[in-house]
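Below you'll find the structure, written out as structure tokens, and then a few comments.
Residue numbers (the numbering used here): 155 to 552.
This is the structure we're talking about:
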């Protein structure tokens, strides 16, 4: 009878356990809700506010080189003078020069200077002739020309008279030879002379005839030649006795031609001088007196405007957006202890290959860069006037 009495007690204990578990769960949930709701009602200052992220601007660093304002230029001759030799070089490295200043003289100078002098003299001669034509011939020249005509007329008459006498003599000789030949023909028929003797007489006739023909030709030639000279002298007399516009124009054309020749001679002479294309300083002399001029390569010498030096920085294309005109920059190098200061003056418009190579073997050499020119301050420029093409490190301030 004891077993049946324990069963209701077990069931009641299980019910109490279940009710207790439910009560604990409800209490836990309520406590959690209370804590959460209380936390939300706390002032916002009780929770720390995260600080905003601030972007820190970085400097743009690049390798570069120093160069004078406008880049260094090479002074050389024109292509037409290639092969001539250098006579003298009038400057030395480090000299300051002005635009147009003669830097070197070529060995063609003396020859072309002589040509210029000759051309100048020709101008003087042509101008004198022009003045003479415009003024007309002087009385003395006209009288001299008239005397020349009289002399030529007398000469013509004398020569013609002398040659005419010679022709008359030859005609007489021919007549005598013909008479002698006829007489010997009669004697030959009579058998008084030989055939050879007759032939000699016939030959004498032919010779006399030939001389007469030559004499007549000479007479005609004398008459025509002297007459032509006489006609020319008379025409010249008429020409110098008056001033004709056509004569003035012809001589004026000669003057203009002579003046043009002087201009060409001056231009040729100028090619014998090598002049400075700009103000600047001689950086390097590549040739020496006596050497043959060649425009292949570096020319005769190199110069640049070193009063204003520039640092040409090769900025990576990924950094070029951070560079603006007017930004300050610092330039350093192992070649000088002080830091140079400058301002971004020009930003290139083209992306190209890197020219200034780093000494770091791990550095990339195939990167793409943009050239940025930084004009150095006056004091900085003075420190590096003699360091063109020096490799430098450039830091462009943000």
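Using N, Cα and C, we set each Cβ at its ideal position, and we do this for glycine too.
Can you grab the Cα-Cα spacing for the pair residue i / residue j, in whole Å?
i: residue 124; j: residue 372; result: With the chain running from 155 to 552 in the structure shown, residue 124 is simply not present.
i: residue 255; j: residue 393; result: 52 Å
i: residue 434; j: residue 528; result: 19 Å
i: residue 247; j: residue 237; result: 24 Å
i: residue 508; j: residue 535; result: 25 Å
i: residue 212; j: residue 551; result: 8 Å
i: residue 558; j: residue 458; result: Beyond the ends of the chain as shown, which are 155 and 552, falls residue 558; an answer cannot be given.
i: residue 281; j: residue 409; result: 6 Å
i: residue 477; j: residue 215; result: 11 Å
i: residue 428; j: residue 259; result: 6 Å
i: residue 241; j: residue 424; result: 14 Å
i: residue 343; j: residue 352; result: 10 Å
i: residue 301; j: residue 277; result: 32 Å
i: residue 348; j: residue 307; result: 53 Å
i: residue 228; j: residue 406; result: 44 Å
i: residue 544; j: residue 463; result: 11 Å
i: residue 297; j: residue 305; result: 12 Å
i: residue 263; j: residue 418; result: 14 Å
i: residue 320; j: residue 413; result: 56 Å
i: residue 471; j: residue 499; result: 18 Å
i: residue 346; j: residue 357; result: 19 Å
i: residue 315; j: residue 285; result: 43 Å
i: residue 243; j: residue 253; result: 16 Å
i: residue 317; j: residue 336; result: 29 Å
i: residue 378; j: residue 339; result: 41 Å
i: residue 225; j: residue 460; result: 9 Å
i: residue 326; j: residue 382; result: 31 Å
i: residue 399; j: residue 268; result: 34 Å
i: residue 503; j: residue 403; result: 60 Å
i: residue 223; j: residue 481; result: 19 Å
i: residue 295; j: residue 261; result: 47 Å
i: residue 289; j: residue 249; result: 57 Å
i: residue 475; j: residue 501; result: 10 Å
Residues in the same chain with beta-carbon distance under 6 Å from residue i, minus the five sequence neighbours each way, listed in chain order, please.
i: residue 415; result: 273
i: residue 324; result: 365, 366, 369
i: residue 334; result: 355
i: residue 441; result: 240, 454
i: residue 538; result: 220, 463
With burial defined as no fewer than 16 other Cβ atoms inside 10 Å of the residue's Cβ, what is the status of residue i: buried or exposed?
i: residue 368; result: exposed
i: residue 446; result: exposed
i: residue 479; result: exposed
i: residue 131; result: Outside the displayed span of the chain (155 to 552) sits residue 131, for which this structure offers no information.
i: residue 426; result: buried
i: residue 491; result: exposed
i: residue 411; result: exposed
i: residue 548; result: buried
i: residue 374; result: exposed
List the residues that DSSP assigns as beta-bridge partners of residue i.
i: residue 250; result: 435
i: residue 554; result: Missing from the structure shown is residue 554; the chain here goes from 155 to 552 and no further.
i: residue 530; result: 496
i: residue 463; result: 222
i: residue 456; result: 228, 438
i: residue 342; result: None, per the DSSP bridge assignment.
i: residue 633; result: Here the chain comprises residues numbered 155 to 552, so residue 633 is not present and cannot be evaluated.
i: residue 468; result: 217, 525
i: residue 446; result: 239
i: residue 427; result: 259
i: residue 483; result: 496, 550
i: residue 501; result: 526
CB-CB under 8 Å to residue i, same chain, minus the five flanking residues each way: which ones, in chain order?
i: residue 401; result: 287, 393
i: residue 493; result: 484, 485, 486
i: residue 251; result: 245, 257, 430, 433, 434, 435, 436, 457
i: residue 560; result: Past the boundaries of the shown model lies residue 560; the chain is included only from 155 to 552, so the question cannot be answered.
Answer yes or no: do residue i and residue j have a C-beta to C-beta separation smaller than 8 Å?
i: residue 266; j: residue 422; result: yes
i: residue 328; j: residue 362; result: yes
i: residue 531; j: residue 496; result: yes
i: residue 546; j: residue 468; result: no
i: residue 299; j: residue 387; result: yes
i: residue 376; j: residue 313; result: yes
i: residue 322; j: residue 359; result: no
i: residue 420; j: residue 270; result: yes
Taking 7 Å as the limit between beta carbons, can you name the residues of its chain near residue i, skipping five residues before and five after?
i: residue 466; result: 218, 219, 221, 525, 527
i: residue 541; result: 220, 489
i: residue 303; result: 384, 387, 388, 391
i: residue 473; result: 214
i: residue 443; result: 240, 241, 242, 243
i: residue 533; result: none
i: residue 130; result: No answer is possible for residue 130: it lies beyond the span of the chain, which begins at 155 and ends at 552.
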